[in-house]
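> Converting from the sequence shown to the numbering used here requires adding 7 to each position, the first position being numbered 1. Note that CB positions come from ideal geometry on N, CA and C, so glycine has one too.
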Amino acid sequence: MTDFSADKAVWASRVRDAYGAIVELQDEQGKGSYYTVENEFDVAGASYAALRPERGSSEDEPELFRIIQADDGSLELVTIEDDEEWENVSELYGELTFPE
Numbered sequence: 008m009t010d011f012s013a014d015k016a017v018w019a020s021r022v023r024d025a026y027g028a029i030v031e032l033q034d035e036q037g038k039g040s041y042y043t044v045e046n047e048f049d050v051a052g053a054s055y056a057a058l059r060p061e062r063g064s065s066e067d068e069p070e071l072f073r074i075i076q077a078d079d080g081s082l083e084l085v086t087i088e089d090d091e092e093w094e095n096v097s098e099l100y101g102e103l104t105f106p107e
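See the structure below:
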């Protein structure tokens, strides 16, 4: 089982360092939307980013993405498809941003 505990997580800034604090993501139809990079962290050998839609409410939950390195060395943000991984990452993000 993968260890998604807060004490194993490390804050990171790969996306922000590569692209800045605001990134544009395109949906399946090629429509672009802008997101603010809220936080990034590494855990269990994987990297994740929490992004908030630029036009969204500050009360909305950030969207979580997995960060992968493409063959050309660039970074890609991909949707977390696995339900268990998404639950673990979401819970961990809550622990990291709102510690008890």
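Check whether the Cβ atoms of Thr43 and Glu61 lie closer than 8 Å to each other.
What you label residue 43 is simply residue 36 of the sequence shown in a count that begins at 1. What you label residue 61 is simply residue 54 of the sequence shown in a count that begins at 1. At the C-beta level, Thr43 and Glu61 come within 8 Å of one another.
> Considering only their Cβ atoms, is the gap separating Ser54 from Ala28 smaller than 8 Å?
On the sequence shown, residue 28 is found 21 positions in, with the first residue counted as 1. On the sequence shown, residue 54 is found 47 positions in, with the first residue counted as 1. No, the pair does not count as a contact, with Cβ atoms beyond the cut-off.
> What do you get for Tyr41, buried or exposed, if any count of 16 or more other CB atoms within 10 angstroms of its CB means buried?
The sequence position of residue 41 within the sequence shown is 34, counting from 1. By the neighbour-count definition (other C-beta atoms within 10 Å, threshold 16), Tyr41 is an exposed residue.
> Just the Cα atoms here: how many angstroms apart are Ala25 and Leu71?
By one-based count along the sequence shown, residue 25 stands at place 18. By one-based count along the sequence shown, residue 71 stands at place 64. In a straight line, the C-alpha of Ala25 is about 18 Å away from that of Leu71.
> Counting along the chain, where does the alpha helix (DSSP H) carrying Ser97 start and finish?
Position 90 of the sequence shown, counted from the start, is the residue given in the question as residue 97. Per DSSP, Ser97 belongs to the alpha helix (DSSP H) from Asp90 to Thr104.
> Out of Gly39, Asp34 and Ser97, state which residue places its alpha-carbon closest to the alpha-carbon of Val50.
As a position in the sequence shown, residue 50 is number 43, starting the count at 1. With distances taken between Cα atoms, Val50 lies closest to Ser97.
> Would you kindly work out how many angstroms separate the C-alpha atoms of Gly39 and Gln33, rounded to a whole number?
Here residue 39 refers to the residue found at position 32 when the sequence shown is read from its first residue. Here residue 33 refers to the residue found at position 26 when the sequence shown is read from its first residue. Going by the C-alpha atoms only, they are around 4 Å apart.
> What residues are listed by DSSP as bridge partners for Glu83?
Here residue 83 is taken as the residue at index 76 of the sequence shown, counted from 1. Paired residue(s): Ile75.
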